[in-house]
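Novice:
In my numbering, the protein residues as written are 91 to 365.
1) How many Å lie between residue 209 and residue 331 at the Cα?
2) Suppose only complete runs of 4+ residues qualify. What are the alpha helix (DSSP H) ranges in the stretch 175-232, listed by chain order?
3) Under 8 Å between the Cβ atoms of residue 360 and residue 200?
4) Excluding sequence positions up to five away, which residues of its chain have a Cβ less than 7 Å from the Cβ of residue 363?
5) Mapping the DSSP letters down to three states, classify residue 253 as helix, strand or coil.
6) With three or more beta-carbon pairs closer than 8 Å as the criterion, would you say the stretch 210-218 touches the stretch 241-261?
7) According to DSSP, is residue 133 part of a helix, a strand, or is it coil?
8) On the CB-based measure, 16 or more other CB atoms within 10 Å of its CB, does residue 306 come out buried or exposed?
9) Can you find at least 3 beta carbon pairs, one from the stretch 184-193 and one from the stretch 116-126, that sit closer than 8 Å?
10) Would residue 274 and residue 226 be called neighbours here (beta carbons separated by less than 8 Å)?
11) Whose C-beta lies closer than 8 Å to the C-beta of residue 301 among residues of the same chain, with five residues either side of it excluded?
12) Output the boundary residues of the alpha helix (DSSP H) element that contains residue 341.
13) Look at the alpha carbon of residue 277 and the alpha carbon of residue 239, and state the distance between them as a whole number of angstroms.
Laid out in structure tokens, this is it:
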């Protein structure tokens, strides 16, 4: 299936709920209203539950339990609430995907998101955008598996989804990768252009007209999360580290490994996606 056809496949992209659409419209304003954002989140009980689970997880290390949408906006700020809303919306949209272990997928995605945010902080990039981009960077894989399961099955057999060579194999077989598919989805869902660009160039940050710094962060973060998933040893980490991407960002292997999450399990945050 060609990329354009895939992005227009009716069942591949979950429809955006009215609540999420209204939230995006408000949060995309130059001066969004915290009160209206909190009110929209609170209007959707399922969305509220997922947002609060993420708010109170180890990711945000809040000093006290957050019990309402108003408190989440006040304590975490608009940037992080936007990330939580989109994460919660996607978690409810993708439930059962052929050939994909969803618990495994979201655990890996949460790890990538946390590392992305940590690296963004080190590089003085927007942490909220890095977290969001890290969390949804693999969404293209879900869309591809929904739209063309028979095509993806043999690719999965030869090169599992979290293999470090996955993007290369997809491009050889299909002419595009999960990165372009995820970027197309993000554009349709009205994500900021910086996130769309980072998703598009995450597998190859040098391929755009200019080097995509957030794409580079995603590249390093997903490499680290995948390396952890496949349990690379010290020599394996050194051999596969994306040197050129790291060098361009001013990060070496030790810098990236130093941003490993303190809690790899993320059990509370994971419950926002699989319950």
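Note that CB positions come from ideal geometry on N, CA and C, so glycine has one too. Owing to the predicted nature of the structure, the values given are computational and were not obtained by experimental measurement.
Specialist: Short version:
1) As a first step, residue 209 is located in the chain shown; it is residue number 119 there, counting from the start. As a first step, residue 331 is located in the chain shown; it is residue number 241 there, counting from the start. If I take the Cα positions, the gap works out to 15 Å.
2) 192-213, 217-226
3) On the chain shown, position 270 is the one that residue 360 refers to. On the chain shown, position 110 is the one that residue 200 refers to. Yes. Within cutoff.
4) Translated into positions along the chain shown, residue 363 becomes position 273. Result list for residue 363: 181, 196, in chain order.
5) Walking along the chain shown from the start, residue 253 turns up at place 163. Residue state, collapsed to three classes: coil.
6) no
7) As a working note, residue 133 is residue 43 in the chain shown. Coil, per DSSP.
8) If you number the chain shown from 1, residue 306 lands on position 216. Its Cβ being crowded by 16 or more others within 10 Å, residue 306 is buried.
9) no
10) Taking the chain shown and counting its residues from 1, one reaches residue 274 at position 184. Taking the chain shown and counting its residues from 1, one reaches residue 226 at position 136. Not closer than 8 Å, so no.
11) Taking the first residue of the chain shown as position 1, residue 301 is located at position 211. Same-chain partners within the cutoff: 295, 338.
12) As a working mapping, residue 341 is identified with position 251 in the chain shown. That residue, residue 341, is in no alpha helix (DSSP H); it is neither H nor E in DSSP.
13) To locate residue 277, count along the chain shown from 1; it is residue 187. To locate residue 239, count along the chain shown from 1; it is residue 149. If you take the alpha carbons of residue 277 and residue 239, they lie about 23 Å apart.
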